[in-house]
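Anchor point for the sequence shown: position 7 equals 7 in our numbering, and the numbering is continuous, going up by one each time.
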Amino acid sequence: MKQKHSKKPQEQRRIAKERINILFEQAKLRFKEDSSLSDRYVEIARKIAMKYKVRIPRELKRRFCKHCHKYLVPGANSSVRLTQKKVVYYCLNCKKYMRFPYNKKAGD
Ligand SMILES: [Zn+2]
């Protein structure tokens, strides 16, 4: 007997997280050849996160613009500034800022 969608929710969320990580990895790899592909990957990752109610990891959240959702690469389409307490990302696409407090390095 075949069963559709037999996976448990927690199993689905685990898979969703994996897919989000893979999408960001791809976005990073493809950025040079076609940054619009990277933007698509971010979009898909966000949709997966919403659908399965998983959080996008903090270290990935700073890799796309929270305003226009473009994949951000410092030096290419964004600039990064360090202030005393915060890391400030400036999106060259929508000209908006994102601020993140310093935290333990998540390893990049
Ligand atoms: Zn932006």
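All C-beta atoms, glycine included, are put in the ideal place defined by N, C-alpha and C.
Proximal residues to residue i (C-beta, below 6 Å), its chain only, five neighbours per side dropped
i   : result
M98 : K66, Y89
K17 : V54
K96 : H67
Exposed unless 16 or more other CB atoms sit within 10 angstroms - verdict on residue i
i    : result
R63  : buried
K70  : buried
Y41  : buried
C120 : The structure shown does not extend to residue 120, since the chain is modelled only from 1 to 108, so the question has no answer here.
L82  : exposed
S38  : buried
L23  : buried
Host beta strand (DSSP E) of residue i (start-end)
i    : result
V80  : 78 to 82
P101 : 96 to 101
K86  : 86 to 91
Rounded C-alpha distance that separates residue i from residue j
i   : j    : result
M50 : K85  : 30 Å
E11 : N21  : 16 Å
E25 : F100 : 21 Å
Cβ-based neighbour list, residue i, same chain, cut-off 8 Å, excluding 5 preceding and 5 following
i  : result
K8 : none
Limits of the unbroken alpha helix (DSSP H) element including residue i
i   : result
V42 : 35 to 51
Residue from the options with nearest C-alpha to residue i
i   : options             : result
F31 : N77, T83, Y52       : N77
R13 : A45, L29, A27       : A45
S36 : V73, R19, F100, V80 : V73
Neighbourhood of residue i by C-beta distance below 7 Å, restricted to the same chain and skipping five residues each side
i   : result
N93 : C65, C68, K70, N77
Proximity test, residue i beta-carbon vs ligand 2 heavy atom, cut-off 8 Å
i   : result
N93 : Because ligand 2 does not appear in the structure shown, any question about it cannot be addressed here, the ligands present being ligand 1.
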